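What follows is a single structure, written as structure tokens, with notes after it.
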């Protein structure tokens with residue numbers, strides 16, 4: 034092997050070895066706030082979510098993860114947004130420290146009518162957003178902030 038290849042391998046393997054790596058960034062992005070307005074819902078995290086997916090779902094698929102209990106929402110159309118991996122609490126061994134302490138259900142003035150947390154299980158954090166009618170939506174991400182805008 035050439036000296037360059039050996040040096041590269043040492044850099045690659047050496048960067049992940051040895052000692053503890055305390056990081057200011059949590060392993061999973063942690064939710065800290067949810068704000069519901071007439072035409073938008075904004076989610077604030079401690080760090081940038083890696084994966085954000087969203088789409089309209091039939092009412093029959095709006096259920097709590099784990100239990101499968103239906104989550105009723107005032108709405109004609111229901112959009113679900115998933116953040117993965119993400120959570121609303123920082124788990125440190127046996128200690129669970131909530132990072133989002135707000136309500137699990139929030140009302141809006143319309144056309145966003147109601148928003149509810151549907152999943153916070155196995156690093157899947159999801160919220161269902163109930164709107165007055167099915168309309169175009171756009172998800173934008175600015176660092177640790179994710180906003181869903183309707184209309």
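Residue numbers (my numbering): 34 to 184. Note that CB positions come from ideal geometry on N, CA and C, so glycine has one too. Nothing here was measured: the structure is a model prediction, and the numbers come from that model.
For residue j and residue i, the rounded distance between their alpha carbons
i, j, result
"residue 139", "residue 68", "8 Å"
"residue 83", "residue 142", "30 Å"
"residue 81", "residue 163", "25 Å"
"residue 115", "residue 97", "13 Å"
"residue 165", "residue 86", "21 Å"
"residue 13", "residue 64", "Given a span of 34 to 184 for the chain in the structure shown, any question on residue 13 remains unanswerable."
"residue 172", "residue 181", "5 Å"
"residue 99", "residue 71", "30 Å"
"residue 89", "residue 102", "19 Å"
"residue 153", "residue 183", "24 Å"
"residue 110", "residue 93", "12 Å"
"residue 243", "residue 119", "Limits of the chain in this structure are 34 at one end and 184 at the other, which puts residue 243 out of reach."
"residue 130", "residue 174", "25 Å"
"residue 55", "residue 128", "Confidence at residue 55 is low in this model, with a pLDDT of 44, below 50, so the placement of that residue is unreliable and no value is reported for it."
"residue 108", "residue 125", "37 Å"
"residue 161", "residue 95", "7 Å"
"residue 61", "residue 106", "28 Å"
"residue 77", "residue 117", "14 Å"
"residue 158", "residue 167", "23 Å"
"residue 66", "residue 121", "9 Å"
"residue 134", "residue 146", "21 Å"
"residue 79", "residue 132", "9 Å"
Integer Cβ distance of residue i from residue j, believed to fall under 8 Å
i, j, result
"residue 104", "residue 151", "5 Å"
Closest Cα partner of residue i within the set the options
i, options, result
"residue 148", "61, 73 and 60", "73"
"residue 91", "79, 156 and 112", "112"
"residue 123", "156, 176, 167 and 175", "156"
"residue 144", "176, 159, 170 and 132", "170"
Where the beta strand (DSSP E) through residue i begins and ends
i, result
"residue 131", "128 to 131"
"residue 150", "145 to 154"
"residue 163", "157 to 164"
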